[in-house]
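Have a look at the structure below, then the notes.
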Amino acid sequence: MSAAKRLAAIGCVGLLTATAACGSTSSGSKSGANSTITLGTVSAYTSLDPAGAYDTGSWTVFYNVYQGLMTYLPGANTPSPDAAKSCKFADSSYLTYTCTLLPDLKFSNGDALDAAAVKFSFDRVLKIGSEKGADNGSGVSVLLDTLQSVETSGTQEVTFHLKTADATFPDRLASGVGEIVDPKVYSGTKLLDGTGVVGSGIYTVASAQTKTGSDGKPAPASLKLVLNPTYKGAYSATKPLNAGATLNFYDTPAQVKTALVNGSIDLNAGSDLAPADIVSLQGAQQLGKGIQIVQGTGSSIRMMVLNVDVAPFTNQAVRQAIAKLIDRQAIADKVYQNTVTPLYSVIPQGIGDQTRPFEQAPYSNDPLKADQVKSSLSGVKLPIDFTLTYAANSAAGPAEAAQIKSTLEASGIFKVTLKSVPNLGALVPLWSSGKLAASMTGWQADYPDPDDFVSPFVGKNNTFGNNYAPTTIMNDLHPLSLKEADRADQSSANTFTAIQKQFAQDAAYIPLWQDNQYIATQANITGVPLTLDIASIMRFWMIGKS
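When we follow our numbering, the leftmost residue of the sequence shown carries the number 43, and every step to the right adds one.
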C-alpha cells in the first residue's frame, strides 16, 4: 500500500495550524464548522471494503468513514483505543490480546456495533483473503498473518488468539485492515458490491460518482462525505471543523494543480503534485494570499521491486548490479528537484533503527563504475534485457523511469524497456500474478513500526508478488522481532539491522528515496498539520475554513 508521515510545517498555514486563518475566505464559500471542504487527489480508492484494499487512496477513505478498535491520535506513534474502551495483552508472551468495547456503539445505519461485529470483521478478512482473487488482488490479509482466531465473551469483549508472538498487533488493529463493518450489510465471503458503505466513523458516504477510466472501465470520480451524528470513540470530544468533505479524483498531478489554482479544490489529499509544481508554488507563496504549501517530514519510500522467480532477476548478481548502478542523488536532483531524500534502506528514517546497508559493500554511497559492476557478472550475457513497469499517474513517474533507464543503459550492462500502466490499481493484479519482472512503487506505512517495512515484503504471497521469501528473515529474524515490544531496546535494533542487511544482500527491493510531505491549500484552510503525522492518517475532520 502505501505510506506517508510528516509533522513539521512551513508557511502561513503551518505556523497557525488549526487556530486561526491568515487569508480571506474565497468568494462565496462558507466558513467555520458549517463549511465543507473539497480535496483533490490522483490516489483513487480501489475498493471501499476493508477486506479488499491495501492502498493509500482506499485507506484515506477508510480512516474517515470506518472505525477500528484502535487509532493513532494526532502526533502519536503508539495506538490508543477508539471503538474500544481498553485493550491489553494477557501477558508478555504476546499471544492473547483482549479488547473491551465502549458501550452502546452503533453503525451509521443504527445497527449495533458489538463484539460479534468485531469478530465478523476480522473473520471475513481472513476468509476472503484465503480465496485467490476474492480480495480484489489486494493481499491485505497479510497484515493479519499472525492471527489464529477471534472469540467473544458477551457483547462487549473480544479476544484475539495469535499464532505467534506479535507485539505489533495493536498497531495492526489501528490500520486500515482493522476497520469494523456491519454483519447485516457485508458478506462474510465476498466484498461489498458498490458504494453502500456502512461504518461507524466520523463521516458517512453520502454519494459516489464514477467516470470512464483510461481502460474503458468505471473509475471513481468523486466521493461525498457527511458527518456521522452517531460517532462515538476517541475523537468524541473533538468537534469537527467542517460539516463534510468531498474527494475529487484526478488522472494526473497536473489536473490536481489546475484544480488548486482555479479554486475547484481546497487542498490536495496526498502525494499528488509534480515536483516542479511544488517548487513553483513554494516560490510564489505569499503570506495569507493564494496557494499555501504545508511541508512535513515524510516516511513514505519509493523503490524498485524485482521478481526473484522471473528472469533475469533469478540471478542475485543481476539484482545487485542494478542496486550498484542506481544513481539516487540524480533521481532526487533531476527528477524530484530535491523534494525527496536518497534512501539506502527499505526502512526509512524516523521509523525504528534505520541503517544504510545499500551504501555498504558491495554497494557504495555513489553509483559504482560500469567496469566494477561487470566484474561481478561473469558468465552473464550483456546487455541484460528487462521490462520496467510503472504507474503513469504517479508524481514524476515517467521522468523517474526514464532517468533509471538512462542510468542503467549508459553502463552498457542493461537494456531497459519501459512500460506504463494508468495507475496503482492497474499494477495490483500484475503483482498478484507473481509474474511481473520489475516494477516501481511507493510504500506508505500501515503503522509506524519497522515491521511494516518487513512483513508485507516477504513470503511467496507477499504484497508485491515478487516471490521473495528469505528463510533467515521469515523463520528467524522476523519472528524474533515480533517478540520485542520495546523498539528502543538494543536487541530490537540488532534484529532490524540484520533484517536490513539481508534485504540489501538479496536486492529484491531496491530503495530509491524517502519523501517529504507537501500539501497545497487555499489560504483560508486551517488544521492541515494535524492531519500529517507519522501515522499517515489524513484526518478530514480536523481541517476547516476560516
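Ideal Cβ positions, reconstructed from N, Cα and C, are used throughout, including at glycine.
Just so it is clear, the structure is predicted and the values come from calculations on it, not from any experiment.
Cutoff 7 Å; reference residue i; Cβ partners in own chain excluding five residues on either side
i	result
T537	L519, L522, S523, E526
V107	V239, G241, G243, Y245, T246, V247, L267
S68	Residue confidence for S68 is low, a pLDDT of 37 falling below 50, so the modelled location carries little weight and cannot support an answer.
P282	A75, I244, L269, W583
V570	V55, L309, V336, I561, T563, I585
T397	S387, T539, Q542
E451	K457, V458
S150	V240, G241, S242, T246, N270, T272
A412	S453, G454, I455
Own chain residues within Cβ distance below 8 Å of residue i, not counting five before or after
i	result
T288	T78, I79, T80, L81, S264, L265, K266, L267
L472	T431, V463, L478, S481, G507
S71	Note that S71 scores 45 on pLDDT, short of 50, meaning its location in the model is unreliable; the coordinates nonetheless yield the value given after this. The residues are S77, N566, K587.
Q532	none
A318	Q379
S278	none
S516	Before going on, a small fix: residue 516 reads as Met here, not Ser. V500, G501.
A51	With a pLDDT of 25 at A51, under the threshold of 50, the modelled position of that residue is not reliable, and the figure given next carries that caveat. Answer for A51: L57, T59, V336, Q337, G338, V570, P571, L574, listed in chain order.
Check whether residue i and residue j have beta carbons under 8 Å apart
i	j	result
I320	Y114	no
P594	G454	Limits of the chain in this structure are 43 at one end and 588 at the other, which puts residue 594 out of reach.
V470	A434	no
F400	P553	yes
N509	D351	yes
V415	Y551	no
G275	Q109	yes
T102	A157	no
G390	I343	In the sequence on display, residue 390 carries Pro and not Gly. Cβ atoms of P390 and I343: closer than 8 Å.
D491	T142	no
Q556	T383	yes
A316	A437	yes
T254	P262	no
D293	V84	yes
M580	A250	no
S191	H203	yes
P512	V500	yes
T339	G394	no
T483	V298	no
Y96	V182	yes
A296	V377	no
L323	L215	no
T505	K461	no
N357	V422	yes
K130	T120	no
Y489	D235	no
L90	T237	yes
Where the alpha helix (DSSP H) through residue i begins and ends
i	result
Q559	Unbroken run through Q559 is the beta strand (DSSP E), 551 to 563; no alpha helix (DSSP H).
T383	Note, T383: premise wrong, no alpha helix (DSSP H); beta strand (DSSP E) at 382 to 384.
F545	532 to 548
L215	211 to 215
D427	Note, D427: premise wrong, no alpha helix (DSSP H); beta strand (DSSP E) at 426 to 433.
Beta-carbon proximity list for residue i, same chain, < 6 Å, skipping 5 on both sides
i	result
G94	D177, N178, S180, L233
S418	A359
A301	G82, I307
D590	The structure shown does not extend to residue 590, since the chain is modelled only from 43 through 588, so no value can be given for it.
K366	Y405, L410, V415
G467	T88
S66	Confidence is the limiting factor: at S66 the pLDDT is only 31, short of 50, which leaves the residue's position unreliable and the question unanswerable from this model.
Residue range of the beta strand (DSSP E) that includes residue i
i	result
T246	245 to 254
G484	480 to 485
A412	Here A412 belongs to no beta strand (DSSP E); instead the alpha helix (DSSP H) covers 412 to 416.
V268	260 to 269
S128	126 to 131
Y139	138 to 143
What are the start and end residues of each continuous beta strand (DSSP E) run of 3 or more residues lying completely inside the stretch 275 to 358, in chain order? Listed in chain order, the complete beta strand (DSSP E) runs (minimum 3 residues) inside the stretch 275 to 358 are 286 to 291, 334 to 348.
Can we say the stretch 221 to 229 touches the stretch 127 to 142, given the rule of at least three CB pairs closer than 8 Å? no
Is it the case that the stretch 539 to 553 contacts the stretch 393 to 407, given that we only count it when at least three CB pairs across the two stretches are under 8 Å? yes
Fill in: Segment contact flag, the stretch 217 to 224 with the stretch 162 to 178, C-beta cutoff 8 Å, min 3 pairs
As far as the Cβ criterion goes, the stretch 217 to 224 touches the stretch 162 to 178, which means the pair count is three or higher.
Worksheet item: Counting pairs of beta carbons, one from the stretch 119 to 131 and one from the stretch 182 to 190, are three or more of them closer than 8 Å?
Response: no
Would you list, in sequence order, the uninterrupted beta strand (DSSP E) runs of no fewer than 3 residues that lie entirely inside the stretch 448 to 527? 456 to 463, 480 to 485
For this session: Report the residue ranges of all alpha helix (DSSP H) runs contained in full by the stretch 146 to 206; include only those spanning at least 4 residues, in chain order.
Result: 157 to 172
Minimum length 4: unbroken alpha helix (DSSP H) runs contained in the stretch 75 to 110:
98 to 107
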